[in-house]
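With the working numbering applied, the sequence shown corresponds to residues 75 to 359, in that order.
Please read the structure below before turning to the comments.
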Amino acid sequence: MITGLDHVVVLTDDITAASTAYQTLFARSPGWQYGGDGADRVLFTLDNTTLELVAPNGEGANADRIRAVLNAQGEGLASICFRTSDIARMHRRLDRLTLKPDPIAEVESRDAISGETLSWKRTRTATEATRGIRLFFLERDKERPLSVRTTTASITAMDHVVISTSEPERAAALYGARLGLDMALDRSHPDWGRLMFFRCGDLIVEVTHRPGKHADTTKDKLGGICWRVADIDATHARLVQAGVDVSEVRTGRKPGTRVMTVRKGTCGVPTLLVQPSAGKAAAAD
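Quick look at the structure:
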């Protein structure tokens with residue numbers, strides 16, 4: 075019933091600075107902007123998913139909750155939202171799986187620039203049932219506008235999002251057996267622990283287990299994001315010229331790939347860029 079990764083949410087203290095930073099990183103303009111319910115939001119929609127920046131604004135329970143998370147954890151990746159074609163059926167499945175879904179809510183937003191509206195239906199699971207990961211599920215019948223490319227060597231799509239866990243078997247059961255994502259790879263290595271890749275549309279949810287490196291054994295944690303580029307040398311040159319702190323380009327872990335790290339300007343989200351191997355979409359660095 076999950077058809078893809080609809081979007082990821084990144085919390086920030088400063089929506090203007092965050093939006094500017096991601097416009098520079100992506101070389102794409104925001105595709106949607108709106109406010110309300112205690113938050114300002116800016117969305118960048120790439121070829122296969124959306125990154126949503128969220129900052130608190132004003133008073134109220136939602137604004138207070140966002141500020142509390144920022145005070146406790148700082149800026150960073152806060153939640154992921156899967157897309158489904160049948161939210162009612164998805165809700166029944168989540169309920170049967172004892173993931174304690176919220177009642178389905180109908181939501182609408184109006185873009186601050188174009189004045190157009192989008193509407194969707196969503197639910198979320200209880201975070202204690204998903205080991206601390208905030209998971210949302212959304213059904214919409216209209217695509218979001220793509221973020222327009224502002225120059226060459228832009229980011230094209232998401233490659234993978236990372237979740238770290240101290241309980242790999244439980245994580246495998248949640249994302250594979252219970253949520254129904256296709257496990258594409260399950261591999262262990264003495265140097266980097268255990269990696270599990272779950273296909274979600276044309277990107278990967280990567281679950282990692284690195285013994286001794288996961289501080290909180292009671293909760294899983296959202297890690298970083300890897301974005302795809304068509305020409306990593308051109309993207310590297312563009313970002314360096316723009317003053318973005320990036321590493322040198324290096325050979326990726328997956329044969330045929332080339333990668334680089336973005337060190338700053340991502341609102342605290344560990345960020346990797348990858349040029350996939352020829353003719354293939356990369357699953358991991």
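Every residue, glycine too, gets a C-beta built ideally from N, C-alpha and C.
When the options are compared against residue i, the one with the closest alpha-carbon
i      : options                          : result
Ser351 : Gly189, Thr325 and Ala162        : Thr325
Ala316 : Arg157, Gly339, Ile76 and Met232 : Gly339
Arg196 : Thr224, Phe211 and Asp169        : Phe211
Ser267 : Thr282, Ile278 and Leu259        : The question names Ser, but residue 267 is Gly in the sequence shown. Minimum Cα distance to Gly267 is reached at Thr282.
Asp88  : Gly150, Gly134 and Gly78         : Gly150
Thr226 : Leu346, Ser103, Val333 and Thr94 : Ser103
7 Å CB neighbourhood of residue i in its chain, flanking five on each side removed
i      : result
Thr230 : Leu120, Asp121, Arg302, Val303 and Ala304
Gly250 : Met257 and Phe272
For residue i, the three-state DSSP class (helix, strand or coil)
i      : result
Asp138 : helix
Asp87  : coil
Pro242 : helix
Ala316 : coil
Asp114 : strand
Leu248 : helix
Ile207 : coil
Asn122 : coil
Arg167 : helix
Thr94  : helix
Ala146 : helix
Closer than 8 Å to chain B by CB, residue i
i      : result
Ser193 : Absent here is chain B; the protein component of the structure consists of one chain.
Contacting residues, own chain, Cβ-Cβ under 6 Å from residue i (five flanking each side not counted)
i      : result
Ile207 : Asp294
Ala92  : Thr86, Leu127 and Cys341
Expected contact under 8 Å - CB spacing of residue i and residue j to nearest Å
i      : j      : result
Glu213 : Ile161 : 4 Å
Phe156 : Leu79  : 6 Å
Sequence-distant residues of the same chain with beta carbon closer than 8 Å to residue i, five excluded per side
i      : result
Val318 : Thr98, Leu99, Val336, Lys338 and Gly339
>> Any contact between the segment 291-301 and the segment 238-245? By contact I mean 3 or more CB pairs, one from each, below 8 Å.
In response: yes
> Would you call the segment 263-271 and the segment 100-120 touching, i.e. three or more CB-CB distances under 8 Å?
Replying inline: no
> If you pair each beta-carbon of the segment 121-132 with each one of the segment 215-233, do three or more pairs fall below 8 Å?
Replying inline: yes
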